[in-house]
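Sequence positions in the sequence shown follow the numbering used here and run 501 to 715.
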Amino acid sequence: MSAKQEQYRRKAVGWSDLEYADGATYLDHRADLVVRLGPPLRAGDEVLDLACGDGGLGAFLVRRGLRYRGVDVTPEMVAEARRRLGDEAVVEVGDIDTYVPPGPVAATTVFRAIYYARDRRTFFSRVAGFTTGKLVFDLNPRQYDVDGVLADLRAAGLDRTELRPFFVPQRISLPRPAGAALRGLERSGPIARLLLRRRFTLLVAAWRSDARDVG
Ligand SMILES: C[S@@+](CC[C@H](N)C(=O)[O-])C[C@H]1O[C@@H](n2cnc3c(N)ncnc32)[C@H](O)[C@@H]1O
């Protein structure tokens, strides 16, 4: 087992509470963008959350009327997600490189874990095969070549994309008005691009132009 895997095993209990200074704001905003970025989701749609960790995102999707299926390779994370979500969701042990859901899903999400895919292009193709609506994931534009990622998506048949800065800090909790103002900058164009040079991530929604209308 790698040091990283061992770290995830040890950190599973309370993962979301420890990783996110203001988990409610962070995960609620993430859930909002999972629904709205790209073709919108509607109540009853199923979201497959690959590398779901402790399923922290799940409750925020379920409360929007979505069905949630979480998958993670770390059994301790899966146990924690099941404990958090109870019978509101399905959570399974699985690897992002091999997991296939029992039926097509409206959306597949991968947060803070896209880099675990062995081969990104192959991963995008597999996901496109069982996702009727869209793939949503986050990306650090200072670490990854965004154009290269977009080329991999197109090669996998995911030819439509919408990108959106995600301006909720992970490690610090802001007073409510400051947090709202910062989120307001996500659509500010040049200011958002400047901020992204120093901090924060991008959310990417990708879908086939002939995908079913999920909204
Ligand atoms: C940084 S955490 C992100 C967890 C959650 N998505 C979040 O945003 O809080 C990365 C997660 O990826 C999982 N993971 C790592 N490699 C994986 C793989 N090959 N397949 C599935 N999950 C994996 C880890 O167990 C861990 O829960």
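Beta carbons are placed, not taken as given, at the ideal position from N, Cα and C, and that holds for glycine.
Note that the structure is predicted; figures quoted are calculated from it, not measured.
Which residue's Cα is closest to the Cα of residue i: the options?
{"i": "A606", "options": "E580, V636, A524, R687", "result": "V636"}
{"i": "N640", "options": "D522, A503, F611", "result": "F611"}
{"i": "L537", "options": "T608, D597, V600, D517", "result": "T608"}
{"i": "Y568", "options": "P539, V534, T574", "result": "V534"}
{"i": "G514", "options": "D710, V649, D549, R583", "result": "R583"}
{"i": "N643", "options": "Y615, R654, L682", "result": "Per the sequence shown, the amino acid found at residue 643 is Gln instead of Asn. Residue Y615 is the option with its Cα nearest to Q643."}
{"i": "R621", "options": "R654, Y508, T631", "result": "R654"}
{"i": "D638", "options": "R509, L650, F630", "result": "L650"}
{"i": "A579", "options": "A711, V562, Y508, T632", "result": "Y508"}
Among the residues of its own chain, which have a CB less than 6 angstroms from the CB of residue i, if the five just before and after it don't count?
{"i": "H529", "result": "V668"}
{"i": "A628", "result": "A656, G657, L658"}
{"i": "L527", "result": "G556, L557, F560"}
For residue i, which residues of its own chain have a beta-carbon under 7 angstroms away from its beta-carbon, when the five flanking residues on both sides are left out?
{"i": "F700", "result": "P665, F666, F667"}
{"i": "A525", "result": "For the record, residue 525 in the displayed sequence is Thr; it is not Ala. Result list for T525: V668, G679, in chain order."}
{"i": "D619", "result": "none"}
{"i": "V562", "result": "Y568, E588, A589"}
Could you check how far apart the C-beta atoms of residue i and residue j are, in whole angstroms? I think they sit under 8 angstroms.
{"i": "A617", "j": "I596", "result": "6 angstroms"}
{"i": "V591", "j": "C552", "result": "7 angstroms"}
{"i": "A543", "j": "G565", "result": "3 angstroms"}
{"i": "T574", "j": "Q670", "result": "20 angstroms between Cβ atoms; not a contact."}
{"i": "A613", "j": "L550", "result": "7 angstroms"}
Counting C-beta neighbours from all protein chains within 10 Å, is the total for residue i 16 or more, i.e. buried, or is it exposed?
{"i": "V593", "result": "exposed"}
{"i": "D517", "result": "exposed"}
{"i": "P539", "result": "buried"}
{"i": "T598", "result": "exposed"}
{"i": "K634", "result": "buried"}
{"i": "E546", "result": "buried"}
{"i": "A681", "result": "exposed"}
{"i": "D652", "result": "buried"}
{"i": "A706", "result": "buried"}
{"i": "A503", "result": "exposed"}
Taking the alpha-carbon positions, what's the residue i to residue j distance?
{"i": "R589", "j": "G555", "result": "Just to set this straight, residue 589 is Ala in the shown sequence, not Arg. Each residue's alpha carbon lies about 9 angstroms from the other."}
{"i": "M577", "j": "K511", "result": "8 angstroms"}
{"i": "E686", "j": "A692", "result": "6 angstroms"}
{"i": "R697", "j": "G689", "result": "13 angstroms"}
{"i": "V704", "j": "R676", "result": "25 angstroms"}
{"i": "Y520", "j": "S625", "result": "31 angstroms"}
{"i": "I558", "j": "L694", "result": "It should be pointed out that residue 558 corresponds to Gly in this sequence rather than to Ile. Cα to Cα, G558 sits roughly 31 angstroms from L694."}
{"i": "V571", "j": "F623", "result": "15 angstroms"}
{"i": "I672", "j": "G684", "result": "18 angstroms"}
{"i": "P523", "j": "G586", "result": "A quick correction: the sequence has Gly, not Pro, at residue 523. Each residue's Cα considered, the two are about 19 angstroms apart."}
{"i": "P602", "j": "L548", "result": "11 angstroms"}
{"i": "D645", "j": "L702", "result": "12 angstroms"}
{"i": "D710", "j": "G648", "result": "23 angstroms"}
{"i": "T632", "j": "P604", "result": "6 angstroms"}
{"i": "F749", "j": "L674", "result": "Since the first and last residues shown for the chain are 501 and 715, residue 749 lies out of range."}
Please list, in chain order, all residues of the same chain as residue i whose beta carbon is under 8 angstroms from its beta carbon, the five residues on each side excluded.
{"i": "R708", "result": "A628, G657, L658, D659, R660"}
{"i": "G715", "result": "Interpretation of G715 is limited by its pLDDT of 48, a score under 50 that renders its predicted location unreliable; no figure is taken from the coordinates."}
Answer yes or no: the CB of residue i versus the heavy atoms of ligand 2, is any distance below 6 angstroms?
{"i": "A531", "result": "Although ligand 2 was asked about, the structure shown includes only ligand 1 as ligands."}
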